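Numbering-wise, the sequence shown is residues 1 to 246 according to UniProt numbering. For each residue, glycine too, the CB sits at the ideal point set by N, CA and C. Just so we're clear, the structure is a prediction, and the values are computed from it rather than from any experiment. Okay, so here's the structure we're looking at.
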Amino acid sequence: MIAQERSHGEPGIGLRWLARRSPESQESPSPKGAGHNLVLTRGKDARKEFAERHIPGASFFDLEHCKDQQSPYEMMLLPSAAQFAKYAGELGISNDSHVVVYDSDSSGMLYAPRLWWMFRLFGHDNVSVLDGGLTNWMKQGHPVTSEDTNVTPETFQVTMNRTLLKSFEDIEENITSKRFQVVDARSKGRYQGPEPKPGEGIEPGHFPGFRILPLKSSFLRLPDAGRLRENQCMRSGSCLRSEAST
């Protein structure tokens with residue numbers, strides 16, 4: 001994640017914008033303005049991978065640590081507001097930071113959008129996702145490093161935006177009321193049911209009324225390094241109808 005002092009973070013940013021603000025760039029702003037990077041990987045070797053190579057100035061955000069540790073469920077459940085504020089502040093993130101999150105996953109984008117949403121949920125809208133992640137960054141010849149990033153802890157204050165969060169009861173009620181559209185980002189096999197269960201107690205298939213738009217869909221990504229596709233399909237929602245009908 002890169003933290004730049006901008007008033008509003010764009011949902012996605014390109015490599016050139018970030019490269020100009022890298023600590024190794026002659027065009028980089030002051031160290032305070034250069035801010036931070038986050039790598040989001042959940043694999044067992046995530047920290048090892050980050051230690052071996054990351055974008056200069058990057059910090060590591062551990063989604064396995066910053067979550068509800070008391071939950072009996074294996075999936076990533078949200079941390080408390082106090083836990084998120086403490087974790088973000090320890091990475092040197094303040095409410096004035098422009099946060100840029102990126103993935104080191106080979107697909108180019110996997111967990112970064114979750115952290116983008118988490119920052120917005122906890123009231124920080126000045127957050128962006130690096131298009132294509134570390135894979136595309138390296139593909140374009142930009143530098144990586146194994147050096148640790150020194151950060152100064154900051155105070156991060158949380159203001160929950162509960163409009164970005166739905167409860168089990170909200171989803172259950174919506175099956176009948178259809179007040180909002182739920183999008184399923186899993187694979188078609190999980191959505192339709194033939195793929196094996198991903199975990200104990202998790203059945204295949206989907207809730208009634210859900211539309212499918214798989215995370216790795218060609219409607220969402222360009223074929224090179226998981227970069228985002230911007231087109232009329234996404235703006236109009238027609239890709240949801242197309243995916244659901246196939």
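For this session: Please determine, among Gln69, Arg186 and Val144, the residue with the shortest C-alpha to C-alpha distance to serine 104.
Result: Val144
Problem set entry | Residue interval of the beta strand (DSSP E) (run including tyrosine 102) | 99 to 103
Exercise. DSSP on serine 94, reduced to helix/strand/coil?
Worked result: coil
Exercise. Is isoleucine 212 helix, strand or coil when you go by DSSP?
Worked result: strand
Exercise. Where does phenylalanine 60 sit, in a helix, a strand or coil, going by DSSP?
Worked result: strand
Problem set entry | Neighbourhood of lysine 67 by C-beta, 8 Å cutoff - its chain only, sequence neighbours within 5 removed | Met76, Leu77, Leu78 and Pro79
For this session: Quickly, what does DSSP pair threonine 145 with across the bridge? List them, please.
Result: His54
Problem set entry | Beta-carbon separation (whole angstroms), glycine 89 vs threonine 152, contact threshold 8 Å | About 10 Å; that fails the 8 Å criterion.
Problem set entry | Beta-carbon proximity list for arginine 47, same chain, < 6 Å, skipping 5 on both sides | none
Problem set entry | Buried or exposed by the 16-neighbour rule on C-beta atoms within 10 Å, applied to threonine 163 | exposed
Exercise. Measuring CA to CA, which of Asp170, Asn126 and Gln157 is closest to alanine 81?
Worked result: Gln157
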